[in-house]
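Worksheet: the structure to be examined is printed underneath.
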RNA sequence: GGCCGGGUGGCAGAGUGGCUAUGCAGAGGACUGCAAAUCCUUGUACGUCGGUUCGAUUCCGGCCUCGGCCUCCA
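In my numbering, the protein residues as written are 1 to 459.
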């Protein structure tokens with residue numbers, strides 16, 4: 001079975017055929033580093049991480065590029081508010097972003113280019129667009145001439161007439177056409193700026209992705225991803241710039257993850273349902289956040305709920321309990337991704353279906369009798385988990401996780417109480433044993449007496 | 001107004017032109033000093049009205065409804 005991906009450009013699920021089967025290229029729009037990542041930012045990070053993992057199992061080499069936007073008006077505004085330099089803000093925020101995505105088990109991309117390190121490439125591209133008659137200078141700005149591209153609007157499915165009719169923002173007087181957008185704009189001395197043929201200025205939003213994808217993946221490459229909200233205008237404009245500058249096709253498959261909502265409502269600061277990844281990591285392990293996000297197909301809107309997060313934790317408890325029961329048995333076939341899981345992922349990244357198979361594999365593991373069966377089932381479950389970026393941490397670490405600020409009782413204290421209870425049980429002092437169980441249960445600690453002894457976990 | 005994507009059992013969430021996932025929650029049973037876990041069994045579905053069809057939750061159309069986008073929010 002081939003890999004199928006839903007291509008926004010054709011609005012269809014298509015067979016993925018890379019330009020070069022020996023080397024797949026993928027570009028995903030990364031964060032603008034002016035604030036901590038919120039859960040909406042986390043979704044594409046997780047979704048495209050799963051795709052990256054899948055591509056790496058299917059192709060010998062994958063280059064995954066995810067940019068850092070470190071020049072932007074929001075950054076300028078925030079730095080001024082905070083009274084810190086732009087460099088300090090972007091560096092601090094980039095570091096925080098790296099910590100957050102690592103906590104979500106997302107692999108680092110192969111290349112993580114920063115916009116400010118690619119101004120030269122942006123300027124070259126803008127000059128090329130002017131030379132080819134697709135851009136023009138006006139009052140220190142350089143604008144992309146939308147009417148110069150007949151196909152403009154195809155990705156987002158809108159005609160140029162609609163765009164003009166729908167324009168709800170006052171059109172700048174220097175624009176030849178209301179739909180024209182900025183490639184380069186003048187920048188005063190107190191804001192970041194670079195010398196250019198049109199004076200000191202800074203880039204528009206879209207040009208950086210065109211320049212950086214060109215730099216690391218070439219003019220035509222396989223996959224371009226991001227959130228659905230980027231389809232218009234960002235990706236439409238990126239596409240226009242690249243195609244018009246190069247005279248070559250741009251991304252061949254466009255993938256977009258659906259929107260994120262919170263408890264059925266749009267996430268917004270005014271509704272008070274705005275969470276950063278950091279906020280959530282204080283309440284739950286990153287792995288649970290990751291699983292919660294993967295229970296909905298990436299193309300659907302995702303509703304973030306407290307209940308969903310709780311269920312994700314319960315699911316991981318179940319899976320890790322199955323692994324804990326075979327802790328002493330070495331896994332077999334750890335590298336062989338079970339075919340059902342592979343098939344689910346190849347069907348346009350059907351992670352809910354893959355999770356179903358995770359459950360089935362856990363059931364198989366629970367039911368396995370012989371050590372050999374257990375070893376194989378364990379290997380299959382771990383391999384399946386790996387494809388989703390799950391189940392890779394130490395089993396005991398999962399069960400001992402505590403929220404930020406620590407637990408009321410340390411692991412050592414709990415271990416000591418468990419030991420005392422074991423002694424009480426051995427001497428048939430069940431009243432004492434039950435008292436210890438009850439005391440621990442009040443702290444949210446569950447004891448489980450199994451064939452291999454007593455284990456505990458935080459609930 | 002234009003465009004796009006949804007409406008599945010108590011909840012979450014896949015999927016399929018007929019054999020009706022999976023998990024959580026619920027019920028019953030096995031096991032267990034107790035408990036948990038585990039295993040087995042089990043109930044409740046496909047917004048609405050039409051159409052196509054031998055047969056539709058699945059295809060087509062209308063309607064209702066929810067969400068989103070329409071120039072810099074992933």
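By construction, the Cβ of each residue, glycine as well, lies at the ideal position given by its N, Cα and C atoms. These numbers were taken from a predicted model, which means no experiment stands behind them.
Which residues DSSP lists as bridging residue i, in chain order
i: residue 201; result: 186 and 194
i: residue 27; result: 65 and 224
i: residue 253; result: 223
i: residue 6; result: 13
i: residue 261; result: 266 and 303
i: residue 454; result: 449
i: residue 181; result: 144
Outcome for residue i when other beta-carbon atoms lying within 10 angstroms are tallied against a minimum of 16
i: residue 100; result: buried
i: residue 166; result: Note that residue 166 has pLDDT 45, beneath the 50 cutoff, so the model's placement of it is unreliable and no number is given.
i: residue 151; result: exposed
i: residue 108; result: exposed
i: residue 228; result: buried
i: residue 1; result: exposed
i: residue 430; result: exposed
i: residue 277; result: buried
i: residue 351; result: buried
i: residue 201; result: buried
i: residue 300; result: exposed
i: residue 287; result: buried
i: residue 375; result: buried
i: residue 457; result: buried
i: residue 90; result: buried
i: residue 419; result: exposed
i: residue 78; result: buried
i: residue 378; result: buried
i: residue 290; result: buried
i: residue 411; result: exposed
i: residue 339; result: exposed
i: residue 190; result: exposed
i: residue 168; result: Bear in mind that a pLDDT of 47 at residue 168, under 50, signals an unreliable position, so the model cannot answer this.
i: residue 72; result: buried
i: residue 82; result: exposed
i: residue 17; result: exposed
i: residue 441; result: exposed
i: residue 135; result: buried
i: residue 447; result: buried
i: residue 32; result: buried
Extent of the continuous alpha helix (DSSP H) run through residue i
i: residue 286; result: 286 to 294
i: residue 442; result: 430 to 442
i: residue 314; result: 306 to 324
i: residue 415; result: 411 to 426
i: residue 461; result: Here the chain has residues from 1 to 459 only, and residue 461 is not among them.
i: residue 445; result: Run containing residue 445: none in the alpha helix (DSSP H); it sits in the beta strand (DSSP E), 445 to 450.
i: residue 365; result: 351 to 367
i: residue 345; result: 339 to 346
i: residue 246; result: 236 to 246
i: residue 277; result: 277 to 281
i: residue 74; result: 73 to 82
Opening and closing residue of the beta strand (DSSP E) in which residue i lies
i: residue 142; result: 141 to 144
Runs of alpha helix (DSSP H) wholly within the region 86 to 137 (minimum 4 residues, chain order):
Segments of the alpha helix (DSSP H) lying fully in the region 86 to 137: 86 to 103 and 119 to 131.
Along the chain, which unbroken stretches of the alpha helix (DSSP H) at least 4 residues long are found entirely within the region 372 to 404?
395 to 400
Which full runs of the beta strand (DSSP E) of 3+ residues lie inside the region 30 to 64, going along the chain?
none
Specify whether the region 109 to 118 and the region 212 to 225 touch according to this definition: at least 3 beta carbon pairs, one from each stretch, less than 8 Å apart.
yes
Under 8 Å: do the region 48 to 65 and the region 18 to 26 share three or more Cβ pairs, one atom per stretch?
yes
Examine the Cβ distances between the region 374 to 391 and the region 326 to 338 and report whether three or more of them are shorter than 8 Å.
yes
Does the region 291 to 308 come into contact with the region 350 to 364, if we say contact requires no fewer than three beta-carbon pairs (one atom in each stretch) closer than 8 Å?
yes
When you compare the region 377 to 390 with the region 399 to 408, are there three or more beta-carbon pairs, one atom per stretch, that lie closer than 8 Å?
no
Could you tell me whether the region 195 to 211 touches the region 237 to 250, where touching means 3 or more Cβ pairs closer than 8 Å?
yes
Give a yes or no on contact between the region 66 to 75 and the region 122 to 135, applying the rule of three or more CB pairs nearer than 8 Å.
no
Does the count of Cβ pairs from the region 37 to 44 and the region 260 to 267 closer than 8 Å reach three?
Yes: at least three Cβ pairs fall under 8 Å.
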